[in-house]
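Enquirer: First the structure, which I've put down as structure tokens, then a few questions once you've had a look.
Protein chains in written order, with the numbering used here: chain U, 62 to 284; chain E, 23 to 426.
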């Protein structure tokens, strides 16, 4: 197995006294399905943003798919976000004026693929998340669960090895949440994609290969 | 390129979302453009009218070339320079002349131009009220309309008369010695309204013989084939170190004056453009603020700061393009109002004196003005977009994604 995420003593302090994240060190292997469980304010989002190259750590190093991340190098961060990382958000964050298919295509716009390739890939992914018949619908015509499925398809469009999800089921009911977790799990197995999911609900740890816990900025692996 | 088309489509969606706001902003810039287009068209109309009047009243294709005084020394017109002028393209004819002054017995001074007979007829196309041209190497002389009146009135010399002029030479001691020469008036020119009315014309060789001392040419008269080429020919001759004059100089002065007038008027009109540009800045800063989350998400899924700048600037381009088209249309409307209502009012107020205006449009809208107006609107919008675009590109993605 190859290591895809390697965090070494990642730390982030906003004020001098309270560390948001303290010395997080761990390795995650390719295709692993990992959940990070912690109460709100425990530094989960901070860790996720640092891993997702959206935020920079105060100290420590991160290696993604063998590439050491240089947080000061904006163009490297852009390339990493384009090729290595997909994001799923709690608020879905689909663009309201685009259809489901256009939303899925959206990240590819910045990667300069020709329109035909884009449309074909987007349609394949919508089929994969079970929303192909609704490809021409706008987000406001869809339920929360459907919007999150579109968002998952969007995260997969550039075929990244890693998907980061920040409370992906935080805005969904129990039944839909289970469906979404099930979908992510099956995608992870099928495509061998690494999932790193932040959640505050312990129950979903059951879907994971491994579950981390974050208490007061410190990472504990549960199993 | 494909990328740019995609961005253009995406930005078009943004523009479509807020039609009213875009239209109002575009109108802000359009009013400024319309003011500039209207004022410049009005100025161009006046310029056209002035130049057209000059063209009708004067002989535009005639250039007068004289020697130049440079650092106190005279650069004379030599035969080789005359040949160079004759060989310039667009020059139909170029004739060197001598200019001298003879006095009659009663002390009336006559300015005499010595020129070859055929040059005289090709360059000036003279028409006569009496007689015709001189023969070469003779003592025959043609009198201009005014000078012929003058000598008839004061000296009783009529057309066809033989009359005497006095040539004053100086001997070795500097004492004047007068010589008397008999000239025969063979032709009188019809009134022309130019310098030719006040001078007499003789054959160039006769003048040289009569004066009987070394002279250099005073002037070369140049006839250009077409009014459009006058400026080019004048420039070529100037580069030989000679001085050029003629009716085209008046056009130059009109152009220079109108350039300054238009520049000042445009500066005032441009103030409204500044207001329009500030409106665009405001609209786009608002748009960026409203879309903070969307921009954050775009960055998370792979948009670079450059992509964000491009997207915002394309939106500004749309606003500018809409503003430019609206501005041109409004400018055309302005000019139309000046040309119909304004002109009627002016003629009514000024009376017959200005009836000449009736032939002209007061405001002249040229395609160049419209294109310039459109480009101005687009450039201004893009410049206005720089601040909001950079602001958007500098957003912190983490904060932007969690923006309410």
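Note that beta-carbon positions come from the ideal geometry of N, C-alpha and C, so glycine has one too. These figures come from a predicted structure and were not determined experimentally.
I need the straight-line Cα distance from residue 157 (chain E) to residue 226 (chain E), nearest angstrom please.
Expert: Those two C-alpha atoms are separated by around 11 Å.
Enquirer: Enumerate in chain order the residues of its own chain whose CB-to-CB distance from residue 198 (chain U) is below 7 Å, with the five nearest sequence positions on each side excluded.
Expert: Excluding residues within five positions, the ones whose Cβ falls inside 7 Å are 160, 161.
Enquirer: Report yes if the C-beta of residue 66 (chain U) is less than 7 Å from at least one heavy atom of the ligand PLP; otherwise report no.
Expert: Among the components of this structure there are no ligands whatsoever, and the ligand PLP is therefore not found.
Enquirer: Kindly indicate which residue of E:169, E:133, E:263, E:312 has the alpha-carbon position closest to the one of residue 93 (chain E).
Expert: Ranking the options by Cα distance to residue 93 (chain E), first place goes to E:263.
Enquirer: Hey, is the stretch 121 to 131 of chain U in contact with the stretch 292 to 299 of chain E, meaning 3+ C-beta pairs nearer than 8 Å?
Expert: With the cut-off at 8 Å, the stretch 121 to 131 of chain U and the stretch 292 to 299 of chain E do not touch.
Enquirer: Do the CB positions of residue 48 (chain E) and residue 348 (chain E) come within less than 8 Å of each other?
Expert: Closer than 8 Å, so yes.
Enquirer: Please report how far the alpha carbon of residue 26 (chain E) lies from the alpha carbon of residue 157 (chain U), in whole angstroms.
Expert: Roughly 21 Å between the two C-alpha positions.
Enquirer: Three or more C-beta pairs under 8 Å: does that hold for the stretch 307 to 322 of chain E against the stretch 416 to 424 of chain E?
Expert: Taking 8 Å as the limit for Cβ pairs, the verdict is that the stretch 416 to 424 of chain E does touch the stretch 307 to 322 of chain E.
Enquirer: Determine the closest residue to residue 152 (chain U) out of U:190, U:200, U:65, with distance taken between C-alpha atoms.
Expert: Per the Cα distances, U:200.
Enquirer: Quick one, which of E:79, E:89, E:269, E:63 has its alpha-carbon nearest residue 118 (chain E)'s?
Expert: The shortest Cα separation from residue 118 (chain E) among E:79, E:89, E:269, E:63 belongs to E:89.
Enquirer: Between residue 164 (chain U) and chain E, is any beta-carbon pair separated by less than 8 Å?
Expert: Residue 164 (chain U) does not count as touching chain E.
Enquirer: By alpha-carbon positions, which one of E:102, E:189, E:185 ends up nearest to residue 123 (chain E)?
Expert: The shortest Cα separation from residue 123 (chain E) among E:102, E:189, E:185 belongs to E:189.
Enquirer: To the nearest angstrom, how far is the alpha carbon of residue 45 (chain U) from that of residue 354 (chain E)?
Expert: Since the displayed chain U opens at 62 and closes at 284, residue 45 (chain U) lies outside it and no answer follows.
Enquirer: For residue 172 (chain U), go through chain E and note every residue whose CB falls closer than 7 Å to its CB, in chain order.
Expert: In chain order: 324.
Enquirer: Excluding sequence positions up to five away, which residues of its chain have a Cβ less than 7 Å from the Cβ of residue 171 (chain U)?
Expert: Here the set comprises 143.
Enquirer: Mind reading off the beta-carbon distance from residue 148 (chain U) to residue 282 (chain U)? Whole number of angstroms is fine, and I expect it under 8 Å.
Expert: The Cβ separation is near 24 Å, so there is no contact.
Enquirer: CB-CB under 7 Å to residue 299 (chain U), same chain, minus the five flanking residues each way: which ones, in chain order?
Expert: Residue 299 (chain U) cannot be examined here, being either before or after the span of chain U that is shown, 62 to 284.
Enquirer: So which residues on chain U does residue 35 (chain E) lean against when the C-beta distance must stay under 8 Å?
Expert: Correct list: 158, 159.
Enquirer: Are residue 104 (chain U) and residue 68 (chain U) touching if we call contact CB-CB under 8 Å?
Expert: In this structure, residue 68 (chain U) does not lie closer than 8 Å to residue 104 (chain U) by Cβ.
Enquirer: Among residues of its own chain, excluding the 5 on either side of residue 138 (chain U), which ones have a beta-carbon nearer than 6 Å to its beta-carbon?
Expert: Here the set comprises 114.
Enquirer: Shorter than 8 Å from the beta carbon of residue 178 (chain U) to some beta carbon of chain E?
Expert: No - not a single Cβ of chain E is within 8 Å of the one on residue 178 (chain U).
Enquirer: Of all Cβ atoms in chain E, is any one closer than 8 Å to the Cβ of residue 82 (chain U)?
Expert: Closer than 8 Å: no.
Enquirer: Opposite residue 175 (chain E) in the DSSP bridges: which residues?
Expert: Paired residue(s): none; residue 175 (chain E) is not in a bridge.
Enquirer: For the alpha helix (DSSP H) that residue 231 (chain E) lies in, which residues bound it at each end?
Expert: Here the alpha helix (DSSP H) through residue 231 (chain E) covers 226 to 233.
Enquirer: Straight-line CA distance for residue 342 (chain E) to residue 168 (chain U)?
Expert: So the alpha carbons of these two residues sit roughly 28 Å apart.
Enquirer: Does any C-beta atom of chain U lie closer than 8 Å to the C-beta of residue 327 (chain E)?
Expert: Yes, because at least one Cβ of chain U sits closer than 8 Å to the Cβ of residue 327 (chain E).
Enquirer: Buried or exposed: residue 197 (chain E), going by 16 or more other Cβ atoms within 10 Å of its Cβ?
Expert: It is exposed - the Cβ of residue 197 (chain E) has fewer than 16 other Cβ atoms within 10 Å.
Enquirer: Measuring CA to CA, which of E:60, E:37, E:41 is closest to residue 388 (chain E)?
Expert: Considering only alpha carbons, the answer is E:60.
Enquirer: Anything in chain E within Cβ reach of residue 167 (chain U), meaning under 8 Å, just list it in chain order.
Expert: Chain E residues near residue 167 (chain U): 320, 323.
Enquirer: Counting Cβ pairs closer than 8 Å, one from the stretch 68 to 79 of chain E and one from the stretch 260 to 280 of chain E, do we hit at least three?
Expert: At 8 Å Cβ cutoff, the stretches touch.
Enquirer: For chain U, check one thing: does any of its Cβ atoms lie closer than 8 Å to the Cβ of residue 74 (chain E)?
Expert: By this cut-off, residue 74 (chain E) is not an interface position.
Enquirer: So which residues of chain E does residue 115 (chain U) contact, with C-beta pairs closer than 7 Å?
Expert: Neighbours of residue 115 (chain U) on chain E, chain order: 322, 419, 420.
Enquirer: What would DSSP say about residue 450 (chain E), mapped onto helix, strand or coil?
Expert: An answer regarding residue 450 (chain E) cannot be provided, because it is not within the stretch 23 to 426 covered by chain E.
Enquirer: The beta strand (DSSP E) that contains residue 51 (chain U), what's its start and end?
Expert: Past the boundaries of the shown model lies residue 51 (chain U); chain U is included only from 62 to 284, so the question cannot be answered.
Enquirer: Straight-line CA distance for residue 45 (chain E) to residue 336 (chain E)?
Expert: Their Cα atoms are separated by approximately 16 Å.
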